[in-house]
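Written below as structure tokens is the structure these notes are about.
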């Protein structure tokens, strides 16, 4: 980008060798926040200094999922208004020292926070991190636009259902015309292999057929995710005992550039993951 | 960057017009330039922006919109000859008017005037995928090199030709030309309209590798194999094949 206004944070990201990735979906409830928390943890476990930014000012809960709610003193609001230094607002994770959270301020931020503020925040963060993950709010309104303004890459989170795919298609169109996002990758979340097998759910191929976006990874529906969220301990923290935790680790490694094949989720006896998935879906249904 | 690339005009009783010309600029340079020209415009008006052939992204337009808002000017419509600017404008909810300042296929011999030209304008080429919510609207024939996804809409005064999969909504002959058609490599639209006739899409998956077209026959819209023979549908050919 040639213009200083739109591209200042891009230059800073490049200069500091930092990658700023926004997780967005359009539709709500597809697992953006859960993924942001888990991918943040997974990247941190790979020894990458990672910052997760909560850009969902209206309904913040990234801090909850990470179990850091009580540790927040200052927020992005104070950083932008000059009420504190950047380091004072960042909250370090209890167990994973490479992971920091930039908390969202109060919902009144919706009124004044602009794309320019987001770019300023990302420029500041780019100096001390390898990865910045931005958790975008649902919808395609101002909150979404602000979240996207700070990123140079996007991960589009989609569930294998028709409304989620349609919304993701709209978001992909907006991202492409936005100007600063140069890479969009697709993450299919909450897949139930058993339902896909019975043709009750869209398959990965169906989703890719419509969206035509490179696939970053596939995460199966996993009740461990809900349990972990309620405990405030992201699943990726522990050993990859469940298929979802296993997938988070693989996705993080793909994000940092490793070539790890995406396991075929439809395969009946596709090794460890496939068997686990089958076992899991029998439990659910 | 001065305001030399800007032309502001106000005609009493109609919307203000702002025209961007010359070499393209974006971001701050664009905003500064526009800011200088703004005092010439009365406040509290709606404004129409002519972007020439500039590529302005979603963010550029959004910032421009904010700047104009501060001057009490409301950006209502946008015209451009750059398809990407048009799609970005449509994404912002603006009324968009594609211009044909740079005609495609200008190398074609002009000795044989084609029917489309008499209807105002040559075929309009859009390269890229039209995604859900995108909307392409043009008075002549529209050619899309890419997919039209479910939820996207293409309407054309002439034909709608999609070199890809047509899975959205298509309206050919939207100004009343019932001889217009919708053709695609894989024709699987949600809804097809030709002039004033409307039909639901076939519902079943289109056979891959067999281009099809929807045409109007006796007031009914039918889908058949696409044909580009010059004698097939006289008067609605979007292009002349090489002289035979």
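Chains as they are written, first to last, in this note's numbering: chain U, 4 to 288; chain R, 1121 to 1364.
Using N, Cα and C, we set each Cβ at its ideal position, and we do this for glycine too.
All of these numbers come straight from a predicted model, not from anything done at the bench.
Is residue j closer than 7 Å to residue i when the C-beta atoms are compared?
{"i": "residue 1180 of chain R", "j": "residue 1201 of chain R", "result": "no"}
{"i": "residue 61 of chain U", "j": "residue 80 of chain U", "result": "no"}
{"i": "residue 101 of chain U", "j": "residue 121 of chain U", "result": "no"}
{"i": "residue 134 of chain U", "j": "residue 53 of chain U", "result": "yes"}
{"i": "residue 1249 of chain R", "j": "residue 1266 of chain R", "result": "yes"}
{"i": "residue 1319 of chain R", "j": "residue 1333 of chain R", "result": "no"}
{"i": "residue 266 of chain U", "j": "residue 205 of chain U", "result": "no"}
{"i": "residue 1166 of chain R", "j": "residue 1215 of chain R", "result": "no"}
{"i": "residue 138 of chain U", "j": "residue 57 of chain U", "result": "yes"}
{"i": "residue 1369 of chain R", "j": "residue 1293 of chain R", "result": "In the structure as shown, chain R begins at 1121 and stops at 1364. Residue 1369 of chain R is therefore absent and cannot be evaluated."}
{"i": "residue 123 of chain U", "j": "residue 156 of chain U", "result": "no"}
{"i": "residue 1211 of chain R", "j": "residue 180 of chain U", "result": "yes"}
{"i": "residue 71 of chain U", "j": "residue 93 of chain U", "result": "no"}
{"i": "residue 212 of chain U", "j": "residue 1252 of chain R", "result": "no"}
{"i": "residue 239 of chain U", "j": "residue 44 of chain U", "result": "yes"}
{"i": "residue 210 of chain U", "j": "residue 168 of chain U", "result": "yes"}
{"i": "residue 1281 of chain R", "j": "residue 1268 of chain R", "result": "no"}
{"i": "residue 127 of chain U", "j": "residue 159 of chain U", "result": "no"}
{"i": "residue 170 of chain U", "j": "residue 30 of chain U", "result": "yes"}
{"i": "residue 1189 of chain R", "j": "residue 1168 of chain R", "result": "no"}
So the alpha helix (DSSP H) residue i belongs to, where does it begin and stop?
{"i": "residue 60 of chain U", "result": "Counting along the chain, residue 60 of chain U falls outside any alpha helix (DSSP H), and DSSP gives it neither H nor E."}
{"i": "residue 257 of chain U", "result": "246-258"}
{"i": "residue 222 of chain U", "result": "First-last for residue 222 of chain U: 218-223, but that is the beta strand (DSSP E), not the alpha helix (DSSP H)."}
{"i": "residue 1205 of chain R", "result": "1203-1211"}
{"i": "residue 134 of chain U", "result": "It is not in any alpha helix (DSSP H) - residue 134 of chain U instead sits in the beta strand (DSSP E) that spans 134-138."}
{"i": "residue 198 of chain U", "result": "196-200"}
{"i": "residue 183 of chain U", "result": "Segment: none, residue 183 of chain U is in no alpha helix (DSSP H) and carries neither H nor E."}
{"i": "residue 232 of chain U", "result": "226-234"}
{"i": "residue 82 of chain U", "result": "79-84"}
{"i": "residue 120 of chain U", "result": "118-129"}
{"i": "residue 1179 of chain R", "result": "1178-1190"}
{"i": "residue 207 of chain U", "result": "207-214"}
{"i": "residue 113 of chain U", "result": "112-115"}
{"i": "residue 1135 of chain R", "result": "First-last for residue 1135 of chain R: undefined, no H or E at that position."}
{"i": "residue 47 of chain U", "result": "35-48"}
{"i": "residue 69 of chain U", "result": "65-69"}
With respect to the beta strand (DSSP E) encompassing residue i, which residues constitute its N-terminal and C-terminal limits?
{"i": "residue 1218 of chain R", "result": "1215-1218"}
{"i": "residue 1316 of chain R", "result": "Residue 1316 of chain R -> no beta strand (DSSP E), and no H or E assigned at all."}
{"i": "residue 1343 of chain R", "result": "1340-1345"}
{"i": "residue 1306 of chain R", "result": "1302-1307"}
{"i": "residue 1168 of chain R", "result": "1166-1170"}
{"i": "residue 1257 of chain R", "result": "1255-1258"}
{"i": "residue 1276 of chain R", "result": "1273-1276"}
{"i": "residue 1197 of chain R", "result": "1194-1200"}
{"i": "residue 1243 of chain R", "result": "Counting along the chain, residue 1243 of chain R falls outside any beta strand (DSSP E), and DSSP gives it neither H nor E."}
{"i": "residue 146 of chain U", "result": "Where residue 146 of chain U is concerned, there is no enclosing beta strand (DSSP E), although the alpha helix (DSSP H) it sits in stretches over 145-152."}
In chain R, what lies closer than 9 Å to residue i by C-beta?
{"i": "residue 203 of chain U", "result": "Per Cβ cutoff of 9 Å: no residues; residue 203 of chain U is ~18 Å from chain R at best."}
{"i": "residue 148 of chain U", "result": "1178, 1179 and 1182"}
Comparing the C-beta of residue i with each C-beta of chain B, is any distance below 7 Å?
{"i": "residue 1197 of chain R", "result": "The structure shown contains no chain B; the protein chains it does contain are U and R."}
Residues of chain R with a CB under 8 Å from the CB of residue i: which are they?
{"i": "residue 22 of chain U", "result": "Correct list: empty, because the minimum Cβ distance to chain R is about 20 Å."}
{"i": "residue 152 of chain U", "result": "1179"}
Using the beta-carbon of each residue, which ones in chain U are nearer than 8 Å to residue i?
{"i": "residue 1204 of chain R", "result": "180"}
{"i": "residue 1274 of chain R", "result": "What residue 1274 of chain R touches in chain U: nothing, since even the nearest Cβ is about 14 Å away."}
{"i": "residue 1211 of chain R", "result": "176, 177 and 180"}
{"i": "residue 1218 of chain R", "result": "Within chain U, no residue comes near residue 1218 of chain R; the closest Cβ sits about 15 Å away, beyond 8 Å."}
What residues of chain U sit near residue i, judged by a beta carbon separation below 7 Å?
{"i": "residue 1262 of chain R", "result": "Result: empty, since nearest Cβ-Cβ is about 17 Å, beyond 7 Å."}
{"i": "residue 1142 of chain R", "result": "Ordered by position in chain U, no residue passes the 7 Å Cβ test against residue 1142 of chain R, which lies about 16 Å from the chain."}
Say the cut is 6 Å; is the CB of residue i nearer than that to a heavy atom of the ligand MG?
{"i": "residue 1206 of chain R", "result": "Looking at this structure, you won't find the ligand MG or any other ligand, since it has none at all."}
Assuming residue i and residue j form a contact by the criterion Cβ under 8 Å, report the distance between their Cβ atoms to the nearest whole angstrom.
{"i": "residue 175 of chain U", "j": "residue 42 of chain U", "result": "Contact doesn't hold; Cβ gap of about 19 Å is too wide."}
{"i": "residue 151 of chain U", "j": "residue 184 of chain U", "result": "7 Å"}
{"i": "residue 1311 of chain R", "j": "residue 1326 of chain R", "result": "With 8 Å as the limit, residue 1311 of chain R and residue 1326 of chain R do not qualify as a contact, their Cβ atoms being about 15 Å apart."}
{"i": "residue 222 of chain U", "j": "residue 207 of chain U", "result": "Not really, about 11 Å apart at Cβ, beyond 8 Å."}
{"i": "residue 1259 of chain R", "j": "residue 1274 of chain R", "result": "The Cβ separation is near 13 Å, so there is no contact."}
{"i": "residue 1302 of chain R", "j": "residue 1317 of chain R", "result": "That pair is no contact at about 11 Å."}
Can you list the residues of chain R that residue i reaches, using a CB-CB cut of under 7 Å?
{"i": "residue 169 of chain U", "result": "1252, 1270 and 1271"}
{"i": "residue 172 of chain U", "result": "1251, 1252, 1269 and 1271"}
Could you tell me which chain U residues have their CB closer than 9 Å to the CB of residue i, listed as they occur along the chain?
{"i": "residue 1215 of chain R", "result": "Here the premise fails: no neighbours, minimum Cβ distance about 17 Å."}
{"i": "residue 1207 of chain R", "result": "176, 179 and 180"}
request  = Identify each residue in the region 1155-1189 of chain R for which the Cβ-Cβ distance to at least one residue of chain U is less than 8 Å, and report them in chain order.
outcome  = 1177, 1178, 1179, 1180, 1182 and 1183
task = For the region 174-190 of chain U, enumerate the residues whose C-beta is nearer than 8 Å to any C-beta of chain R, in chain order.
result = 175, 176, 177, 179, 180, 181, 182 and 183
message = Under 7 Å, CB to CB, which of the residues in the region 1242-1257 of chain R have a partner in chain U?
response = 1249, 1251, 1252, 1253 and 1254
key: Contact list for the region 208-219 of chain U against chain R, Cβ threshold 7 Å   = 213 and 215
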